[in-house]
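K.L.:
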Amino acid sequence: MKTFRLITGILAIIPLALFIASIADPKFTMRNPAAEWLFILVGTPILVLNLWAWDAPHIIKTIFRKN
Numbered sequence: 698m699k700t701f702r703l704i705t706g707i708l709a710i711i712p713l714a715l716f717i718a719s720i721a722d723p724k725f726t727m728r729n730p731a732a733e734w735l736f737i738l739v740g741t742p743i744l745v746l747n748l749w750a751w752d753a754p755h756i757i758k759t760i761f762r763k764n
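Just so you know, the numbering used here puts 732 at position 35 of the sequence shown, and the rest follows in order with no gaps.
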């Protein structure tokens with residue numbers, strides 16, 4: 698479980714970078730609507746896995762069938 702938390706913690710850099718990019722240049726998402734979908738489709742699952750790994754590890758164990 699500790700390894701999974703470390704991996705999801707490192708992956709959390711991606712949604713944070715996307716969030717900072719959208720704040721730094723708001724016109725970027727207006728010019729590229731696909732970028733907004735990318736932010737949602739990539740960032741949200743990573744953040745949800747992070748939340749589950751830290752707050753409810755039993756869900757992760759059930760999903761990945763880890764004992």
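Note that beta-carbon positions come from the ideal geometry of N, C-alpha and C, so glycine has one too. Everything numeric in this text was worked out from a predicted model, so none of it was measured.
So, does the region 753-763 touch the region 731-738, judging by three or more C-beta pairs under 8 Å?
P.N.:
No: fewer than three Cβ pairs fall under 8 Å.
K.L.:
Does DSSP put N753 in a helix, a strand or coil?
P.N.:
Reading the sequence shown from its first residue, position 56 is the one you call residue 753. Looking at the sequence itself, residue 753 is Ala, so the reference to Asn does not match. Note: A753 maps to coil in three-state DSSP.
K.L.:
Would DSSP call N747 helix, strand or coil?
P.N.:
Along the sequence shown, one-based indexing puts residue 747 at 50. Here N747 sits in helix by DSSP.
K.L.:
Would you tell me roughly how many angstroms separate the C-alpha atoms of A718 and G706, rounded to the nearest one?
P.N.:
One-based indexing of the sequence shown puts residue 718 at position 21. One-based indexing of the sequence shown puts residue 706 at position 9. Roughly 19 Å between the two C-alpha positions.
K.L.:
Round the Cβ separation of I743 and A750 to the nearest angstrom and send it over; I've been treating them as touching at under 8 Å.
P.N.:
Against the sequence shown, residue 743 aligns to sequence position 46. Against the sequence shown, residue 750 aligns to sequence position 53. The Cβ separation is near 11 Å, so there is no contact.
K.L.:
Look up A718 in the DSSP assignment and say whether it is helix, strand or coil.
P.N.:
Taking the first residue of the sequence shown as position 1, residue 718 is located at position 21. In the three-state reduction of the DSSP assignment, A718 falls in the helix class.
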